[in-house]
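Quick notes on the structure that follows.
Numbering (this note's numbering), first residue to last: 95 to 1052.
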């Protein structure tokens, strides 16, 4: 099979590398120019960490949400104590573009520098008889180049090699001095070297290679080195405090510095990982391009024994063992040229070019979450519209392209050459490991910890990578068998569908999955309060188990459709393989079919799906009959009765879909995942139709009267809203359950078949059996399912556009609040609250109260005008106290709130007493001012106790 029959995928890997470098440039520049770390944000009078602590936050969890970040108090605190960024606002936005401009300049100057006079000479200067020039022109014509490249010679290079630099449109080929000697001693070897370099030009490798080099050098000089220098400076700066070389700063500043140690370690680690990641990815792509150039050169007439001579040359050493072998394997990954024996083997059998290798899958998996996390953190500061969503789309397209091309190439090559077909699971393992590692490296779970608070969530990106590759490989095998001559357009179609799936995954993971990983599972209190609203204690006690289950599971299920395109992704997941059965296969058209059977009969997939839908419909009818026996009167039903009914519908549909998926996977001997998905979604569609029919009959058939008492043949509006509510989660849950069922069936089948010897099928190897299903019947069935799916998907998108997602309006997504801080952190919060404004407010109240007493002790009478002014001071104090942060401690905040209430009441009674000349009311106002003072004193005692127990000491002033 010709390696040119399908895209190689290296261009997409280059693009992914470029996107990673550009995004990292923006992120690192933002940190370097405006991060707010270090001395710029910390002084002896205050710091941004103090503002965060005073607001009830925790600076040791850098990147976490600040409770009062949207209040005027926090903004005023930052304006007073925050860093004064002297760099223009546009620098961090323009700098990444400047990096790209510098890379473009470097790409133009690097060839000029390499081709400068004094280092190389024109070929004409050393080729007196023109023999080499004639050979170059002849080989350029054989390679199909429109014009021969500019050729220069490096006389000082003794090797018999050559190199091409510049761009695809203006390449420059530099011949080493030893190659000119070889042109006369070994003409075949000379031809092989030149044809190899011409292959790089013809394959378009030159521009991509040098663009990556130029971009990396620009990134290194303009971004990475200043970034590392800043991190090292901050490391030394904080070490001086740790070694007590410098006097300590305020406690809140030192606490923030303690929390920044791990952050800076991770930021330095990011630089190291990025360097390694870029180099490994670039080296892997270049090694692949070298093999492609070798094959192209041999196709143009290069002698294969040239590579065999190198592979058997004296530079071949024995394979090391033990640790040396591991080091040699790692060193091989850093090489930009493959070993000669590997190149010779690829010429003999290019199957290696079609294999799915672990390193590209792992690097692709790492790059995607790193890009998304950096864009998310960049967007937190700059708030650019749709930037984060654009990053999901870009990374999804690139991952689907890189992984999809690799899997489609491997599957198509295996199918068309009769080799063992890849399952995609091994590739998915490496992709999933990379996505998990990328999430840990890219600060998705915070910058103050290496692992998220809920580590179980790390299994989700791993499982997503495995499922994606498993599905892609099965789709590639299926479509290649049906249309073996249309691999390129099918690959494009499969990559688009894969990108839709990955966009939905990244959208859910970045918004919902990361939140679950950081803070644990959702809080069920909101949902439970909604369910029990309006119910009597007796009704709540009767349905305690159902209430707990629904409150626990329902919010999590609604988050599955957080992304508007969730149902679109599910539709692509099973409609893409389903449409195969509506086409006339290659076996139906050809006289010599492919080896082995093509498609499992459609009836083996549809029958479990329809039976599952029938069983689900019957089970829903049974539930309705059961609920009819204990349904409350219409006036007492409320929402709980409807919620219980919809919960049963959802549970039964998902259970039936799971059973149908398992049955379909067991009845088919190949494409188990695809068959399971089709059967499960068929059950969902037909089951939804059955449930809707039963809901329409509610009130018409007495034993099934559950929600309605009258017959209208149209469900109630609340029932329709509830059906729309579960319309999104059910297909997604069914798809997840189908994938799990297919995995279990496949594992069981593998375990059983390995224990017993395999028996050959009854049919001969050359025989094939056409599918007995009629083509017209298959097309009608597939068309009906596609139309129903598109109708459901369009309805969901329309509902979202009109009501902005009925799912989230009904059950808002809630996550657990941050964990209770440690005693020391709580003490720091209270200390900062006092220092950054609380103590000033207390002193202000004491001053106002002290100034009021002389006005009331005048024997000649009360100075009404001055007393009014003083009463207004109490009112303004209460207003300013309410605008300031609440006390981080709950009990102290209770005292502080009472202080504000008493001050507000006292000011109002003071004004009324003066208006009415009522001495008794004035005494009441004075008592309320005294009560406010007592409450403030209680708060002060409480705060002092917390600070002392936390061991917080004010630094000594020099």
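Glycine included, C-beta positions come from ideal geometry on N, C-alpha and C.
All values reported here derive from a predicted model rather than from experimental measurement.
Where residue 788 is concerned, the enclosing alpha helix (DSSP H) starts and stops at 766-791. Separation of residue 604 and residue 439 (C-alpha to C-alpha, rounded to the nearest whole angstrom) is 43 Å.
Fewer than three pairs of CB atoms, one per stretch, sit closer than 8 Å, so the stretch 997-1012 makes no contact with the stretch 1035-1043. Cβ contact annotation for residue 452 (same chain, cutoff 6 Å, sequence separation greater than five): 524, in chain order. In the displayed model, residue 263 falls within coil according to three-state DSSP, outside both helix and strand. Per DSSP, residue 169 has no beta bridge partner at all.
For residue 161, the closest alpha carbon among the candidates 146, 219, 169 and 173 is that of 146. Residue 937 has its alpha-carbon roughly 19 Å from the corresponding atom of residue 1041. The DSSP-derived three-state label of residue 499 is helix.
With contacts defined by Cβ atoms closer than 9 Å, residue 547 and residue 569 do not form a contacting pair.
Here residue 794 is not near residue 699, since their CB atoms are 9 Å or more apart. CA-to-CA, the gap between residue 607 and residue 534 works out to about 13 Å. Nearest neighbour of residue 266 by Cα position, chosen from 253, 242, 809 and 143, turns out to be 242. For residue 275, the enclosing alpha helix (DSSP H) has its first and last residue at 271-279. CA-CA distance, residue 384 to residue 431, rounds to 7 Å. In the three-state reduction of the DSSP assignment, residue 396 falls in the coil class, being assigned neither a helical nor a strand state.
Contact annotation: the stretch 99-116 touches the stretch 303-317, with at least three C-beta pairs closer than 8 Å. In the three-state DSSP reduction, residue 152 falls in the coil class, being neither helix nor strand.
Taking 4 residues as the shortest admissible run, the stretch 939-989 contains the following complete alpha helix (DSSP H) segments, listed from N- to C-terminal end: 958-977. Taken in chain order, the complete alpha helix (DSSP H) segments of 4 residues or longer contained in the stretch 193-267 are 217-220 and 225-236. Annotation: residue 479 is outside any alpha helix (DSSP H) and is labelled neither H nor E by DSSP. Contact check for residue 718 against residue 788 passes: the beta carbons are separated by less than 9 Å. Under the three-state reduction of DSSP output, residue 109 falls in the helix class. Where residue 1024 is concerned, the enclosing alpha helix (DSSP H) starts and stops at 1013-1043. In terms of CA proximity to residue 946, 1000 leads the group 761, 1000 and 923. Straight-line measurement puts the Cα of residue 443 at about 13 Å from the Cα of residue 393. Residue 580 sits in coil when the DSSP states are folded into three classes, being neither helix nor strand.
For the 9 Å CB-CB criterion, residue 876 and residue 676 form a contact. CA-to-CA, the gap between residue 835 and residue 749 works out to about 11 Å. By the criterion of at least three beta-carbon pairs nearer than 8 Å, the stretch 700-709 is in contact with the stretch 758-778.
Residue 1028 counts as exposed, since fewer than 16 other beta carbons sit within 10 angstroms of its beta carbon.
In its chain, beyond the 5 residues on either side, 515, 516, 567, 570, 571 and 574 have a beta carbon closer than 7 Å to the beta carbon of residue 505. A check of alpha carbon separations from residue 450 across 214, 487 and 382 identifies 382 as the nearest. Residue 401 sits away from residue 362, with the two beta carbons spaced by 9 Å or more. Two segments are said to touch when three or more pairs of C-beta atoms, one from each, lie closer than 8 Å; by this definition the stretch 322-335 does not touch the stretch 202-215.
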